[in-house]
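Novice:
There are 2 protein chains.
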Amino acid sequence: MQAIKQYIETHKQRLLDELFELLRFPSVSADPKYKADVLNAADYVAKKLTDAGADKVEVCQTAGYPIVYGEKIIDGGLPTVLVYGHYDVQPADPLELWLTPPFEPTIRDGKIYARGACDDKGQFYMHVKAFELMMQTDTLPCNIKFMIEGEEEVGSNNLGIFVKANKERLKADVVLISDTSMISMEHPSLETGLRGLSYLEVEVTGPNRDLHSGVYGGAVANPATVLAKMIASLHDEDNHIAIPGFYADVLELTESERAELNAAPYDEEEYKKDLDIAETWGEKGYTTFERTGTRPTLEVNGIWGGYIGEGAKTVLPSKASAKISMRLVPNQTSEKITQLFTDHFLKIAPKYVKVKVTPHHGGEPVVTPTDSIAYKAAQKAIAEAFGKQPIPTRGGGSIPIVALFEAELGLKTVLMGFGLDSDALHSPNEKYDIFNYYKGIETIPLFHKYFAELTADFS
Amino acid sequence: MQAIKQYIETHKQRLLDELFELLRFPSVSADPKYKADVLNAADYVAKKLTDAGADKVEVCQTAGYPIVYGEKIIDGGLPTVLVYGHYDVQPADPLELWLTPPFEPTIRDGKIYARGACDDKGQFYMHVKAFELMMQTDTLPCNIKFMIEGEEEVGSNNLGIFVKANKERLKADVVLISDTSMISMEHPSLETGLRGLSYLEVEVTGPNRDLHSGVYGGAVANPATVLAKMIASLHDEDNHIAIPGFYADVLELTESERAELNAAPYDEEEYKKDLDIAETWGEKGYTTFERTGTRPTLEVNGIWGGYIGEGAKTVLPSKASAKISMRLVPNQTSEKITQLFTDHFLKIAPKYVKVKVTPHHGGEPVVTPTDSIAYKAAQKAIAEAFGKQPIPTRGGGSIPIVALFEAELGLKTVLMGFGLDSDALHSPNEKYDIFNYYKGIETIPLFHKYFAELTADFS
Chain A
1 MQAIKQYIET HKQRLLDELF ELLRFPSVSA DPKYKADVLN AADYVAKKLT
51 DAGADKVEVC QTAGYPIVYG EKIIDGGLPT VLVYGHYDVQ PADPLELWLT
101 PPFEPTIRDG KIYARGACDD KGQFYMHVKA FELMMQTDTL PCNIKFMIEG
151 EEEVGSNNLG IFVKANKERL KADVVLISDT SMISMEHPSL ETGLRGLSYL
201 EVEVTGPNRD LHSGVYGGAV ANPATVLAKM IASLHDEDNH IAIPGFYADV
251 LELTESERAE LNAAPYDEEE YKKDLDIAET WGEKGYTTFE RTGTRPTLEV
301 NGIWGGYIGE GAKTVLPSKA SAKISMRLVP NQTSEKITQL FTDHFLKIAP
351 KYVKVKVTPH HGGEPVVTPT DSIAYKAAQK AIAEAFGKQP IPTRGGGSIP
401 IVALFEAELG LKTVLMGFGL DSDALHSPNE KYDIFNYYKG IETIPLFHKY
451 FAELTADFS
Chain B
1 MQAIKQYIET HKQRLLDELF ELLRFPSVSA DPKYKADVLN AADYVAKKLT
51 DAGADKVEVC QTAGYPIVYG EKIIDGGLPT VLVYGHYDVQ PADPLELWLT
101 PPFEPTIRDG KIYARGACDD KGQFYMHVKA FELMMQTDTL PCNIKFMIEG
151 EEEVGSNNLG IFVKANKERL KADVVLISDT SMISMEHPSL ETGLRGLSYL
201 EVEVTGPNRD LHSGVYGGAV ANPATVLAKM IASLHDEDNH IAIPGFYADV
251 LELTESERAE LNAAPYDEEE YKKDLDIAET WGEKGYTTFE RTGTRPTLEV
301 NGIWGGYIGE GAKTVLPSKA SAKISMRLVP NQTSEKITQL FTDHFLKIAP
351 KYVKVKVTPH HGGEPVVTPT DSIAYKAAQK AIAEAFGKQP IPTRGGGSIP
401 IVALFEAELG LKTVLMGFGL DSDALHSPNE KYDIFNYYKG IETIPLFHKY
451 FAELTADFS
């Protein structure tokens with residue numbers, strides 16, 4: 001532990017500088033105008049893996065953006081940790097809300113502000129530096145493989161193909177991912193589950209053109225109003241999702257699981273104050289943690305129709321649309337829920353309009369068993385690095401590829417993330433605390449150490 | 001009548017060319033980037049009034065766009081007709097839906113396609129040419145005054161000030177406006193009423209920033225969903241507006257008025273086919289004509305919030321907004337309804353969100369008495385020009401300044417328009433039939449003739 005801290009202290013500036021360089025690539029996978037930047041970011045990652053001591057480093061071509069691979073095999077008899085991360089980032093808009101440019105990393109109050117600072121560059125890069133640290137201090141206890149992709153923010157469409165085609169190369173004993181958050185640095189925690197995702201776009205069409213709302217208003221159904229009514233019908237008065245069959249496969253938590261989850265520290269006033277809301281909201285009968293971690297939800301991510309520019313325009317719009325996504329919990333499946341939503345939405349559409357439902361990428365919910373070697377190794381690593389046991393938590397977000405790794409590689413995933421809720425992922429002024437960055441680099445080698453030890457104990 | 005037709009036939013190309021020149025000015029009052037074009041259009045109108053024989057032609061400055069004035073006083077003892085029109089036009093967007101450029105007038109199938117072709121340039125310019133015709137054939141029977149403004153599409157904010165400051169100059173016996181439509185050229189009609197307007201913008205704010213819908217979804221109220229629910233609540237299951245007190249001042253039509261209104265030709269299948277809708281929609285217990293002409297309505301003109309670009313972005317939006325307008329009927333008033341809506345909308349807002357309501361310009365509903373000299377003069381003019389009596393109709397749209405003229409100048413307005421429902425006002429590919437343009441120029445001198453005769457009979 002002392003050696004780890006010493007190494008970080010000695011190289012702390014360079015560790016930060018390299019991350020800043022990575023952050024400067026506007027590797028926005030959702031927008032083709034940034035294609036060159038995404039590819040440059042991939043090359044940078046490959047270079048740093050090589051510099052850290054990885055072998056067989058390759059920028060693997062796919063039908064989309066490349067996947068960067070690298071490995072260090074020290075002994076076939078040792079366990080292998082497969083590290084996953086992504087070098088692509090969310091779009092930065094709305095730009096005008098950023099205090100400093102999203103791709104010019106800036107430090108304020110001990111935090112690095114940049115798009116991708118936390119999601120996911122700051123987090124996966126800790127693994128590259130932890131690897132370098134273990135190589136330089138000659139303490140690498142496991143084989144290690146890196147798989148860093150460039151399309152996570154747009155659905156990882158080519159990852160499945162890559163994984164299926166590279167099962168031998170990717171053979172390992174566990175997948176390790178840092179792309180989630182802890183409750184706080186005072187209350188370290190470990191994600192034991194993630195929600196799944198079903199994402200769709202709906203379009204309601206009334207008349208075949210925008211109409212003058214005076215000439216036609218009152219005689220023709222307004223698609224914006226119809227869409228509003230359809231969306232309004234999706235939650236009942238207990239904020240329960242009102243799609244028949246939606247909850248059929250949901251696994252309820254046991255009483256002790258609920259108690260453990262709710263024992264985590266939570267300050268409702270702080271939560272409300274941070275968001276500047278008067279009241280939290282959610283499914284009746286469940287706490288905030290349960291609502292975000294163990295219950296499925298339905299959100300409108302975007303809605304638009306008619307005239308939305310400056311001033312007044314009296315149109316009765318031809319169309320209105322919305323992007324709607326649902327977070328899923330075990331044992332719901334993305335395909336079944338997407339179909340259920342589609343069928344229901346088409347069914348509730350009134351005869352005055354035509355409705356189109358287009359599914360986007362989805363992802364399955366996952367749970368990591370807390371009695372596994374991998375989970376225990378993470379638990380011990382965090383206990384040592386932080387001086388206290390991590391609290392088990394259920395994450396609200398989705399990392400769809402975790403289910404993919406289990407299905408195709410037979411591997412469980414440990415979600416050992418060092419982010420914070422305040423990091424503002426997907427929002428303007430995303431940040432990552434410098435303290436967390438270094439803490440992660442300190443903790444990760446301990447995971448490898450305990451994973452190797454517990455595997456040896458077990459065998 | 002023969003002389004009128006002869007004149008039109010002789011000058012038909014020039015009459016069209018001059019209108020085309022007027023249509024080429026992109027006089028979009030809502031967008032400051034077209035300022036010079038709006039002013040140039042005003043100058044053109046002034047020049048054409050002068051060319052037609054008007055005196056005291058003036059481009060009158062206001063705090064906004066100018067009002068073009070001109071007159072011909074032949075005899076203080078004759079009645080005076082005050083012609084109102086507007087030379088500004090609606091924005092042309094969405095541009096990509098126009099088959100030919102909106103400001104390059106193009107003829108297809110006997111129709112002039114251009115923004116402003118019908119609303120209002122084609123229509124008011126008929127009056128300028130009818131005036132020229134009467135001057136050239138020495139048949140002008142009334143005094144005539146022109147008041148052509150440049151801000152009708154943005155609320156005519158400076159018209160009231162101008163009218164109040166020019167009561168002497170604008171002294172007249174009737175206001176004549178062509179800015180409405182007929183059922184068809186086979187079924188000429190006369191507008192006997194217009195709906196009023198109340199227009200507001202609402203904004204619902206939840207959390208103080210866009211949130212990651214995984215991390216927060218289920219625990220924080222989504223403003224887009226809340227807005228949808230609030231909008232959904234504004235109509236009940238009979239499509240009746242569900243704001244308490246909304247209908248308090250609405251004048252129901254008598255049985256005979258309803259019968260007369262519904263006697264006008266209406267082909268429901270044709271109506272639906274034109275709009276490509278399976279069913280018409282509206283307030284239970286009322287026909288399509290009643291719903292658009294005699295009943296108040298509430299429409300969502302625009303709605304937006306969250307991520308509305310390409311692809312998927314999993315945000316729980318901070319805000320969602322909508323533009324909502326209501327059409328009013330006698331004796332509702334714009335101020336009272338705007339206040340009623342505002343109070344109600346703020347009241348139904350749940351505690352999870354903050355709601356802001358911003359009123360835009362409004363307008364009062366009006367009815368023209370069918371037993372007035374002015375109405376009868378229009379009726380006779382149309383009967384002669386078309387060979388059949390005009391059907392009395394109630395217009396769905398609003399021309400707010402009509403109420404202004406009554407209040408400030410004590411004048412009733414005759415709405416003698418020659419447009420058609422198919423003209424696509426406020427939409428892409430707006431048009432005006434060439435037949436209608438010439439027919440209007442033919443009919444308008446007859447109005448002046450009969451207005452003078454009936455006034456003389458009456459006195």
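Quick mapping for you: the protein sequence lines, in order, are chains A and B. Per full-length UniProt numbering, the very first residue in the first sequence carries number 1; after that it's consecutive. Per full-length UniProt numbering, the very first residue in the second sequence carries number 1; after that it's consecutive. All C-beta atoms in this analysis are idealised placements derived from N, C-alpha and C, irrespective of residue type, glycine included. The model shown is predicted, which means the values in this text are computed figures rather than measured ones.
Determine, using beta carbons only, whether residue 109(A) comes closer than 8 Å to chain B.
Specialist: The sequence position of residue 109(A) within the first sequence is 109, counting from 1. Chain B contact via Cβ: absent.
Novice: Could you compute how far the alpha carbon of residue 242(B) sits from the alpha carbon of residue 272(A)?
Specialist: Here residue 242(B) corresponds to residue number 242 of the second sequence, with the count starting at 1. Here residue 272(A) corresponds to residue number 272 of the first sequence, with the count starting at 1. Their backbone Cα atoms lie some 33 Å apart in a straight line.
Novice: Mind checking residue 32(A): buried by the 16 CB within 10 Å criterion, or exposed?
Specialist: For the purposes of this step, residue 32(A) is identified with residue 32 of the first sequence, where counting begins at 1. Counting Cβ neighbours within 10 Å, residue 32(A) comes out exposed, since fewer than 16 surround it.
Novice: What does residue 505(A) touch in chain B if you count any residue whose Cβ is under 7 Å from its own?
Specialist: This structure gives no information on residue 505(A), because the portion of chain A shown stretches from 1 to 459.
Novice: Contact criterion: CB-CB distance below 8 Å. Does residue 299(A) meet it with respect to chain B?
Specialist: Start at 1 with the first residue of the first sequence, and residue 299(A) comes out as number 299. It does: the Cβ of residue 299(A) has a partner Cβ on chain B nearer than 8 Å.
Novice: Return the chain-ordered list of same chain residues with a C-beta closer than 7 Å to the C-beta of residue 458(B), the five sequence neighbours on each side being excluded.
Specialist: Locating residue 458(B) in the second sequence gives position 458, counting from the first residue. Hits under 7 Å: 373.
Novice: In this structure, how does DSSP classify residue 326(B) when only helix, strand and coil are distinguished?
Specialist: Taking the second sequence and counting its residues from 1, one reaches residue 326(B) at position 326. If DSSP states are grouped into helix, strand and coil, residue 326(B) belongs with the strands.
Novice: Residue 226(A) and residue 350(A) look like a contact to me (Cβ under 8 Å); what is the Cβ gap, rounded to whole Å?
Specialist: The residue you call residue 226(A) lines up with position 226 of the first sequence. The residue you call residue 350(A) lines up with position 350 of the first sequence. That belief holds up - the Cβ atoms of residue 226(A) and residue 350(A) are roughly 6 Å apart, short of 8 Å.
Novice: If contact is defined by three or more beta carbon pairs under 8 Å, each pair taking one atom from either stretch, is the region 69-80 of chain A in contact with the region 40-55 of chain A?
Specialist: Yes, the region 40-55 of chain A touches the region 69-80 of chain A.
Novice: Just tell me which of 35(B), 40(B), 37(B) and 132(B) has its CA closest to the CA of residue 7(B).
Specialist: Stepping through the second sequence from its first residue, residue 7(B) is reached at position 7. Closest by alpha carbon: 132(B).
Novice: Is residue 392(A) helix, strand or coil when you go by DSSP?
Specialist: On the first sequence, residue 392(A) is found 392 positions in, with the first residue counted as 1. Of the three classes helix, strand and coil, the one that applies to residue 392(A) here is strand, per DSSP.
Novice: Within the chosen definition, does the region 432-446 of chain B reach the region 205-219 of chain B through at least 3 CB pairs nearer than 8 Å?
Specialist: Verdict: no, contact absent.
Novice: Tell whether a beta-carbon distance below 8 Å holds between residue 144(B) and residue 220(A).
Specialist: As a position in the second sequence, residue 144(B) is number 144, starting the count at 1. As a position in the first sequence, residue 220(A) is number 220, starting the count at 1. No, the pair does not count as a contact, with Cβ atoms beyond the cut-off.
Novice: Under a CB-based cut-off of 8 Å, is residue 421(B) close to chain A?
Specialist: Position 421 of the second sequence, counted from the start, is the residue given in the question as residue 421(B). It does: the Cβ of residue 421(B) has a partner Cβ on chain A nearer than 8 Å.
Novice: Run through DSSP, which three-state label would residue 108(B) get?
Specialist: Within the second sequence, the letter at position 108 stands for residue 108(B). Here residue 108(B) sits in strand by DSSP.
Novice: With a CB to CB cut of under 6 Å and the five nearest residues on each side skipped, what residues in its chain are close to residue 41(B)?
Specialist: As a working note, residue 41(B) is residue 41 in the second sequence. The answer, listed in chain order, is 25, 27 and 87.
Novice: Measuring only between beta-carbons, confirm whether residue 262(B) sits less than 8 Å from chain A.
Specialist: The residue labelled residue 262(B) in the question sits at position 262 within the second sequence. It does not: the Cβ of residue 262(B) has no partner Cβ on chain A nearer than 8 Å.
Novice: Mind listing the chain A neighbours of residue 235(B)? Cutoff is C-beta to C-beta under 9 Å, in chain order.
Specialist: Against the second sequence, residue 235(B) aligns to sequence position 235. Per Cβ cutoff of 9 Å: 225 and 229.
Novice: Does any C-beta atom of chain B lie closer than 8 Å to the C-beta of residue 243(A)?
Specialist: If you number the first sequence from 1, residue 243(A) lands on position 243. It does not: the Cβ of residue 243(A) has no partner Cβ on chain B nearer than 8 Å.
Novice: Below 8 Å, can you find three or more Cβ-Cβ pairs linking the region 87-101 of chain A to the region 425-438 of chain A?
Specialist: A contact exists between the region 87-101 of chain A and the region 425-438 of chain A.
Novice: Looking only at its own chain, which residues have a Cβ that is under 7 Å from the Cβ of residue 378(B), when we skip the five neighbours before and after it?
Specialist: What you label residue 378(B) is simply residue 378 of the second sequence in a count that begins at 1. Cβ neighbours of residue 378(B) beyond the five flanking positions: 190, 414, 416 and 447.
Novice: Hey, which unbroken runs of the beta strand (DSSP E) at 3 residues or more fall wholly within the region 357-437 of chain B?
Specialist: DSSP runs (the beta strand (DSSP E)) wholly in the region 357-437 of chain B: 391-394, 413-415 and 431-433.
Novice: Give me whichever residues DSSP pairs with residue 58(B) in a beta bridge.
Specialist: By one-based count along the second sequence, residue 58(B) stands at place 58. DSSP lists 69(B) as partners of residue 58(B).
Novice: Listed from N- to C-terminal order along the chain, which residues in the region 331-361 of chain B have their beta-carbon within a distance smaller than 9 Å of any beta-carbon of chain A?
Specialist: From the region 331-361 of chain B, only 350, 351, 352, 353, 354, 360 and 361 have a Cβ closer than 9 Å to chain A.
Novice: In chain B, what lies closer than 8 Å to residue 69(A) by C-beta?
Specialist: Within the first sequence, numbered from 1, the residue matching residue 69(A) stands at position 69. Here the premise fails: no neighbours, minimum Cβ distance about 26 Å.
Novice: Distance cutoff 8 Å, beta carbons only. Does residue 320(A) sit that close to anything in chain B?
Specialist: Against the first sequence, residue 320(A) aligns to sequence position 320. Taking Cβ atoms only, chain B reaches closer than 8 Å to residue 320(A), which makes this a yes.
Novice: Hey, out of 23(B), 98(B) and 366(B), whose CA is closest to residue 121(B)'s CA?
Specialist: The count along the second sequence starts at 1 and reaches residue 121(B) at position 121. Ranking 23(B), 98(B) and 366(B) by Cα distance to residue 121(B) puts 23(B) first.
Novice: Under a three-way DSSP split, which group does residue 7(B) fall into?
Specialist: Working through the second sequence from its first residue, we reach residue 7(B) at position 7. Looking at residue 7(B) - three-state DSSP - the assignment turns out to be helix.
Novice: Terminal residues of the continuous alpha helix (DSSP H) containing residue 262(A)?
Specialist: For this step, residue 262(A) is matched to residue 262 along the first sequence. Residue 262(A) -> alpha helix (DSSP H) spans 255-262.
Novice: Let me know the secondary structure DSSP gives residue 250(A) once reduced to three states.
Specialist: By 1-based counting over the first sequence, the position of residue 250(A) is 250. Coil at residue 250(A), not helix or strand.
Novice: Return the CA-CA distance between residue 267(A) and residue 231(A), expressed in angstroms with no decimal places.
Specialist: For this step, residue 267(A) is matched to residue 267 along the first sequence. For this step, residue 231(A) is matched to residue 231 along the first sequence. Straight-line Cα distance between these residues: approximately 31 Å.
Novice: Name the two residues that bound the continuous beta strand (DSSP E) containing residue 147(B).
Specialist: As a first step, residue 147(B) must be located in the second sequence, where it is residue number 147. Taken as a continuous stretch (DSSP letters only), the beta strand (DSSP E) holding residue 147(B) covers 143-149.
Novice: Is there at least one Cβ from chain A nearer than 8 Å to residue 207(B)'s Cβ?
Specialist: In the second sequence, residue 207(B) corresponds to position 207, counting from 1. Chain A contact via Cβ: present.
Novice: Check distances from the C-beta atoms of the region 393-415 of chain A to those of chain B and list, in chain order, the residues that come in under 8 Å.
Specialist: So the close ones are 395, 396, 397 and 398.
Novice: Would residue 323(A) count as contacting chain B if we go by Cβ distances under 8 Å?
Specialist: Working through the first sequence from its first residue, we reach residue 323(A) at position 323. So, interface residue.
Novice: In chain B, which residues lie less than 9 Å from residue 304(A) when you measure between Cβ atoms?
Specialist: Working through the first sequence from its first residue, we reach residue 304(A) at position 304. By Cβ distance, chain B contributes 302, 303, 304, 305, 306 and 308.
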